[in-house]
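Mapping of the sequence shown onto the UniProt record's numbering: position 149 corresponds to residue 149, and the numbering continues sequentially without gaps. Ideal Cβ placement from N, Cα and C applies to all residues, glycine included. No experiment lies behind these values; they were computed from the predicted model shown.
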Amino acid sequence: MQDLSITSSVKDAGKFGTTTADHIRGSRVAKKTGGYSRSANSEASADFPSIKKDYEDSLIALTSLTDEEIQSVRDSWLILKAHIEKIGVIVFLGLFEEHSDFRDAFARFRGKQLVEITRDPALQAHGLRVLNVVDKLVGRLQKVEAIQDFILSLGSRHCKYVPSINLIPSVGEQLLEAIQPALEEQGMWTESTQRGWKAVLSYLTNAMRYGLARTPQTSLNIT
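Now the structure itself:
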């Protein structure tokens, strides 16, 4: 896998040491779920009961976080937030490297090599949008109901762009793989931090899947 390290500008920011910056890179090879030839339409229809249950379970897990776990997530996010643009780029490069169909869902990136995409400002912009959603969720961990509809609608709006509903969890996996090494280097990857972030990212991806799955079938026009 190509080196997707955060650039030297992050090292100079003072938040991370050199080793930490080197460790913030694209995810390890994600396990493929297979069956991506099916449309998002048929996937959502066939798997709706399990998708709904996954969402409900992840919501329970998120709202069951202790004050310590919530604070651990917020404290660690203060470290990560200074670099969300670069982390977002890393996450999407990892996704594009592992899932070319995900990359090709973006007309601007379709058929391009990763080295070309890396220099495209649009990649940074999209990564930033995704990390801003994480920021909104982290800021509302004690009142999740205030952001539920927003994330569900976000999933619905992605119905025309996600080549497979089974790809959505990969975003959470890539995010976790990007932030864990940085927090480990800072000595912040404690059990409470790990539980908190896993709950946050599980809820985020399951809410988006559920939002997409409950979108009227006529809107799911991916083939």
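Which first and last residues belong to the alpha helix (DSSP H) in which residue i is found?
| i | result |
| --- | --- |
| residue 213 | 191 to 213 |
| residue 65 | Segment: none, residue 65 is in no alpha helix (DSSP H) and carries neither H nor E. |
| residue 166 | Taken as a continuous stretch (DSSP letters only), residue 166 belongs to no alpha helix (DSSP H), as it is neither H nor E. |
| residue 119 | Residue 119 -> no alpha helix (DSSP H), and no H or E assigned at all. |
| residue 150 | 148 to 157 |
Can you tell me whether residue i is buried or exposed, with buried defined as 16 or more other CB within 10 angstroms of its CB?
| i | result |
| --- | --- |
| residue 88 | buried |
| residue 86 | buried |
| residue 122 | exposed |
| residue 170 | buried |
| residue 147 | buried |
| residue 75 | exposed |
| residue 50 | exposed |
| residue 113 | exposed |
| residue 142 | exposed |
Find the nearest neighbour of residue i within the set the options, judged by alpha-carbon distance.
| i | options | result |
| --- | --- | --- |
| residue 137 | 70, 50, 56 | 70 |
| residue 144 | 65, 157, 53, 177 | 65 |
| residue 79 | 184, 200, 214 | 184 |
| residue 203 | 50, 48, 61, 72 | 61 |
State yes or no: is the C-beta of residue i nearer than 8 Å to some heavy atom of the ligand MN?
| i | result |
| --- | --- |
| residue 208 | As for the ligand MN, it is missing from this structure, which has no ligand bound. |
**Item:** contact_flag[the stretch 200 to 214, the stretch 140 to 160] where n(CB pairs < 8 Å) is 3 or more
**Value:** yes
**Request:** Count the C-beta pairs between the stretch 113 to 121 and the stretch 91 to 103 that are closer than 8 Å, then say yes if the count reaches three, no if not.
**Result:** yes
**Prompt:** In chain order, which continuous runs of the alpha helix (DSSP H) of length 4 or greater are located wholly inside the stretch 79 to 123?
**Reply:** 84 to 98, 100 to 104, 114 to 118
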